[in-house]
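The structure appears right after this line, and notes come after that.
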Amino acid sequence: MLRPREIWDRLGPAPASSEPERENLTWLRRLVLVHVAARTFLTMPTDFDGSVASLLRAATIAVALAGLAGPAALVATRVLCGLLVVEIATTLPFTANHVFLEFLCVGILALLNERDAGEGALSVRALRWIVAVFFLTTGLQKVLYGFWFRGEFLAYFAATEDRFGAFFGPLIPDAELARLRSYNGPPLEPGRYRTGLGAGPYRVDAPLFVLVSNLTWICEIVGGLLLFHPRTRAVAAWGCIGFVVLIELAARELTFGVLISALFLLFVPGRPLRRFFPFAAAFYAYLVLHRLGFVPFFDYSPA
């Protein structure tokens, strides 16, 4: 049986992190700064307190972008960590769950400096642990909730949100989808509907749809476990990225999709984050330009 120390070592590099791993962390820090700036602009709630929200939003974006200047990166990350605490405190209980993952990543990067070999190795291990446990836990939660075995969870969202309906609609017979949508009440916002009291049942007999629903939690549990083993974690990381891409085709929580993909790349040998960063930054820029009305895109969902 593996001892806790051996499990810990399996998720990290050698005691002194190598140059590729330190460079990966440097690019991850830059990507996280861009991510926080973009996510804040795109999705931070502004209705909890107009003046506080506007000030917090402006400060977060300014600090994150200032950190892209090399010497200021560590200081900016530490200030950003404090600003995220304020955001979480002022938006609870409506804080997006992905903001907590973002906060943990920023917190580790704020506490540890990748330029120090020992701290760099600790950063890699801590971030890998967070990702592996996060992915494994999401699968276990689906098992505990019990609404994925017969597809109820996905059926509900396919009925009440157009983005899910567009993706899962081909897997559900037209008559079944019409029945599910008949439970909808007035729209809460364009493409999202309120259900009536006692609506349901949200069960679909289509075998392919039920199979996809069950494959979701199976892939998360198996992917999370494979990330723990050195021989399988690189392949598992690429598989998890592919899985996230498929998820985002329905959920469209795009900023989260970029962040979690970057974290999975920490399991891949070499310097993958250096090559990933330009594409991620360009994608974030595109989302911002879309929000400003300069470029077309499909509807963006908060992440």
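Position 42, counted from 1, in the sequence shown is what numbering that gives the first Met the number 0 calls 41; the numbers after and before it change by one each time, with no gaps.
The beta carbon of each residue, even a glycine, is placed where N, CA and C say it ideally should be.
Note that the structure is a prediction, hence the values are computed from the model and not measured.
Handout entry: Val294 burial status per 10 Å Cβ neighbour count (16 or more: buried)
Key = By 1-based counting over the sequence shown, the position of residue 294 is 295. Exposed, by the Cβ-count rule.
Handout entry: Per DSSP, cross-strand counterpart(s) of Asn112
Key = Stepping through the sequence shown from its first residue, residue 112 is reached at position 113. The partner list for Asn112 (beta bridge, DSSP) is empty, contrary to what the question assumes.
Exercise for the section: Check the DSSP bridge columns for Asn183 and list the partner residues they point to. Expected result: Walking along the sequence shown from the start, residue 183 turns up at place 184. In DSSP, Asn183 forms a bridge with Thr194.
Exercise for the section: Counting only the same chain and skipping the five closest in sequence on each side, list residues whose C-beta sits under 7 Å from that of Ala302. Expected result: Mapped onto the sequence shown, residue 302 falls at position 303. Low confidence applies here, because Ala302 scores a pLDDT of 42, under 50, leaving its location unreliable; read the following figure in that light. Here the set comprises Arg38, Thr42, Ala95, His97, Glu252, Leu253, Thr254 and Phe255.
Exercise for the section: For the stretch 110-184, list the alpha helix (DSSP H) runs that are entirely contained and at least 4 residues long, ordered along the chain. Expected result: Runs of the alpha helix (DSSP H) lying entirely within the stretch 110-184, each at least 4 residues long, are 116-144, 151-159, 161-167 and 173-180 in chain order.
Handout entry: Presumed contact (8 Å Cβ cut-off) between Val130 and Phe263, rounded CB distance
Key = On the sequence shown, position 131 is the one that residue 130 refers to. On the sequence shown, position 264 is the one that residue 263 refers to. With a beta-carbon spacing of about 6 Å, Val130 and Phe263 fall inside the 8 Å limit used to define contacts.
Practice task
Look at the alpha carbon of Val74 and the alpha carbon of Asp173, and state the distance between them as a whole number of angstroms.
Solution key: Along the sequence shown, one-based indexing puts residue 74 at 75. Along the sequence shown, one-based indexing puts residue 173 at 174. Rounded to the nearest whole angstrom, the CA to CA distance from Val74 to Asp173 is 55 Å.
Exercise for the section: Tell me whether Glu309 sits in a helix, a strand or coil according to DSSP, three-state version. Expected result: With the chain covering 0 to 302 only, the question about residue 309 has no answer from this structure.
Handout entry: Whole-angstrom distance between Asp204 and Arg29, CA atom to CA atom
Key = Within the sequence shown, the letter at position 30 stands for residue 29. Within the sequence shown, the letter at position 205 stands for residue 204. Rounded to whole angstroms, Arg29 to Asp204 spans 46 Å at the Cα level.
Problem - Reference Leu248, options Phe275, Gly164 and Gly223, closest by Cα - result: In the sequence shown, counting from the first residue as 1, residue 248 sits at position 249. If we check each option's Cα against that of Leu248, Gly164 comes out closest.
Practice task
Determine the direct distance from the alpha carbon of Phe166 to that of Pro185, and round the result to whole angstroms.
Solution key: On the sequence shown, position 186 is the one that residue 185 refers to. On the sequence shown, position 167 is the one that residue 166 refers to. Straight-line Cα distance between these residues: approximately 22 Å.
Handout entry: Phe227 - DSSP class collapsed to helix/strand/coil
Key = Indexing the sequence shown from 1 puts residue 227 at position 228. Of the three classes helix, strand and coil, the one that applies to Phe227 here is coil, per DSSP.
Handout entry: N- and C-terminal bounds of the alpha helix (DSSP H) containing Pro200
Key = Numbered from its first residue, the sequence shown carries residue 200 at position 201. Unbroken run through Pro200: none, as it is neither H nor E.
Exercise for the section: Mind reading off the beta-carbon distance from Leu79 to Val105? Whole number of angstroms is fine, and I expect it under 8 Å. Expected result: Against the sequence shown, residue 79 aligns to sequence position 80. Against the sequence shown, residue 105 aligns to sequence position 106. Cβ atoms of Leu79 and Val105 come within 8 Å of each other, at about 6 Å.
Handout entry: Local Cβ density within 10 Å of Val209, reported as buried at 16 or more and exposed below that
Key = The residue labelled residue 209 in the question sits at position 210 within the sequence shown. Its Cβ being crowded by 16 or more others within 10 Å, Val209 is buried.
Handout entry: C-alpha gap between Pro189 and Ala157, whole angstroms
Key = Stepping through the sequence shown from its first residue, residue 189 is reached at position 190. Stepping through the sequence shown from its first residue, residue 157 is reached at position 158. Whole-angstrom Cα-Cα distance: 15 Å.
Practice task
Between the Cα of Leu64 and those of Ala88, Thr90, Leu139 and Val31, spot the shortest distance and give me the residue it belongs to.
Solution key: On the sequence shown, residue 64 is found 65 positions in, with the first residue counted as 1. Nearest C-alpha to Leu64: Val31.
Handout entry: Span separating the alpha-carbon of Phe227 from that of Gly117
Key = Here the question's residue 227 lines up with position 228 in the sequence shown. Here the question's residue 117 lines up with position 118 in the sequence shown. Spanning the two alpha carbons is a distance of roughly 21 Å.
Handout entry: Inter-residue Cα distance where the pair is Thr231 and Leu196
Key = Within the sequence shown, numbered from 1, the residue matching residue 231 stands at position 232. Within the sequence shown, numbered from 1, the residue matching residue 196 stands at position 197. Approximately 47 Å between the Cα atoms of the pair.
Handout entry: Per-residue burial, Thr76 [other beta carbons within 10 Å of its own, 16 or more giving buried]
Key = Looking up residue 76 in the sequence shown gives position 77. Buried.
Handout entry: Residue of Leu139, Leu103, Leu258 and Arg127 minimising C-alpha distance to Phe275
Key = Along the sequence shown, one-based indexing puts residue 275 at 276. Selected option, being the one with the closest Cα: Leu258.
Practice task
For Ala233, decide whether its Cβ has a neighbour in chain D, counting only Cβ atoms nearer than 8 Å.
Solution key: This model lacks chain D altogether, as it is built from one protein chain only.
Exercise for the section: Verify whether the separation of the beta carbon atoms of Leu82 and Leu55 is less than 8 Å. Expected result: Against the sequence shown, residue 82 aligns to sequence position 83. Against the sequence shown, residue 55 aligns to sequence position 56. Their beta carbons are under 8 Å apart, which means Leu82 touches Leu55 by this criterion.
Exercise for the section: With a threshold of 16 other CB atoms inside 10 Å of the CB of Thr215, please say whether the residue is buried or exposed. Expected result: Mapped onto the sequence shown, residue 215 falls at position 216. Under a 10 Å Cβ-count criterion, Thr215 is classified as buried, with 16 or more other Cβ atoms of the shown protein chains found around its own Cβ.
Practice task
Ignore the nearest five residues each way along the sequence and tell me which others in Val142's own chain have a CB closer than 8 Å to its CB.
Solution key: Residue numbering aside, residue 142 sits at position 143 when the sequence shown is read from its first letter. Its chain contains Trp216 and Ile220 as the residues whose beta carbon lies nearer than 8 Å to that of Val142, once the 5 sequence neighbours on both sides are disregarded; these appear in chain order.
Problem - Beta-carbon separation (whole angstroms), Val211 vs Leu170, contact threshold 8 Å - result: By one-based count along the sequence shown, residue 211 stands at place 212. By one-based count along the sequence shown, residue 170 stands at place 171. Contact holds; Cβ gap of about 6 Å.
Handout entry: Which of helix, strand or coil DSSP assigns to Arg270
Key = For the purposes of this step, residue 270 is taken as the residue at position 271 of the sequence shown. In the three-state DSSP reduction, Arg270 falls in the coil class, being neither helix nor strand.
Practice task
Taking 8 Å as the cut-off, decide whether the C-beta atoms of Glu22 and Arg273 are in contact.
Solution key: Taking the sequence shown and counting its residues from 1, one reaches residue 22 at position 23. Taking the sequence shown and counting its residues from 1, one reaches residue 273 at position 274. Their beta carbons are under 8 Å apart, which means Glu22 touches Arg273 by this criterion.
Exercise for the section: Excluding the 5 residues preceding and the 5 following Asn213 in the sequence, name in chain order all residues of the same chain whose CB lies nearer than 7 Å to its CB. Expected result: As a working mapping, residue 213 is identified with position 214 in the sequence shown. Closer than 7 Å at the Cβ level, and outside the excluded window around Asn213, lie Trp147 and Phe148.
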